[in-house]
Each structure stands twice: as structure tokens, then as C-alpha cells.
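Novice: One structure, as C-alpha cells, below. Some questions next.
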Amino acid sequence: MITYEHIITLKKLLKHEGISEDRVQQYFCSAAEVEKFINSVKDISTKIHALPPIPKTNPK
Numbered sequence: 615m616i617t618y619e620h621i622i623t624l625k626k627l628l629k630h631e632g633i634s635e636d637r638v639q640q641y642f643c644s645a646a647e648v649e650k651f652i653n654s655v656k657d658i659s660t661k662i663h664a665l666p667p668i669p670k671t672n673p674k
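Under my numbering, the first residue of the sequence shown is numbered 615, with each subsequent residue one higher.
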């Protein structure tokens with residue numbers, strides 16, 4: 615459950631910085647769920663390619 619809370623916090627931080635929170639995904643697949651793993655990787659790849667580039671900013 616702690617990992618889920620970390621993901622939620624990270625998404626909030628990204629949103630605060632103006633970066634799409636969709637860049638962070640969490641999936642669970644056991645070693646026996648090969649098809650689920652393959653589908654998860656395809657899903658992540660599709661979502662990442664659909665996102666716009668992260669805007670570049672000057673360091674503060």
C-alpha cells in the first residue's frame with residue numbers, strides 16, 4: 615500500500631510542476647501473468663508516445 619501512496623504523491627508533485635501526471639503509471643503483474651505483463655507494457659508504451667514532450671525550463 616505504501617507504493618500506491620508514493621505514486622499518488624508523485625502524481626501530485628508532477629501536476630504542481632506542470633507535468634502531466636499520466637507519465638507515472640503503476641501496474642501489478644505476478645510472474646505467472648505473462649499476458650497481463652505484455653499488455654501492460656504495450657499500454658504504457660502507447661500512453662507515453664501520446665504525451666507531449668516535457669517543457670524545458672531554466673534551472674533556478
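Note that beta-carbon positions come from the ideal geometry of N, C-alpha and C, so glycine has one too. Every value quoted in this text rests on a predicted model; they were computed, and no experiment measured them.
1. Check the C-beta distance from K661 over to Q639 and give it rounded, since I have them as a contact under 8 angstroms.
2. Classify F642 as helix, strand or coil using the three-state DSSP reduction.
3. Name the two residues that bound the continuous alpha helix (DSSP H) containing N653.
4. Grouping DSSP H, G and I as helix and E and B as strand, with all else coil, what is T671?
5. Could you pull the start and end residues of the alpha helix (DSSP H) that L633 belongs to?
Specialist: Considering the structure as presented:
1. Rounded, the Cβ-Cβ distance is 7 angstroms, consistent with contact.
2. F642: coil per DSSP, three-state reduction.
3. Element bounds for N653: 648–664.
4. Three-state result, T671: coil.
5. For clarity, residue 633 is Ile in the given sequence; the question names Leu instead. Counting along the chain, I633 falls outside any alpha helix (DSSP H), and DSSP gives it neither H nor E.
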